[in-house]
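First up is the structure itself, then whatever we jot down about it.
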Amino acid sequence: MAGGMDMGGGGKGGKKPLDTTINLVPFIDLMAVTIVFLIMTAVWTQLGRLQVSQSGQSSSEQEPPPTQLQPITLLITEKDLKLTVGGSQLDPIAITRDNGGKIEIEKLMAKLREFKTQQPD
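Under the numbering used here, think of the first position of the sequence shown as 109, with each following residue one higher.
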């Protein structure tokens, strides 16, 4: 055969087996590099969407910081309702129940309305 190439024709033995072993290590290395590349480009596209303000802008164009809302917490015990607004605790409200055994919340609603008039936010 010219050039050392086997054309598979004639000779002893018949057909060659087509089964071969594939080395998976280079394939896994290639996939790992590809995944890292895709993750890095995804991060870069997210960073490109960030809002960046320039230091040369005038202060009139900047928005004022949002006001902080005070958290309201209600602690219900067997004897009373304890209402906490921000860091200050209001006077406890004694629990009264109606004929059905349900807690009457009119006093609590009145306290909340009073606080709402003081702090409309």
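The beta carbon of each residue, even a glycine, is placed where N, CA and C say it ideally should be.
- Here the alpha carbons of I130 and L146 stand approximately 26 Å from one another.
- Pairwise C-beta distances place the stretch 208-224 in contact with the stretch 179-198, as three or more of them are shorter than 8 Å.
- Beta-bridge partners assigned by DSSP to R205: I211.
- Inclusion of V193 and Q178 in the CB contact set at 8 Å is warranted, their separation being smaller than that value.
- Counting along the chain, T192 sits inside the beta strand (DSSP E) bounded by residues 188-193.
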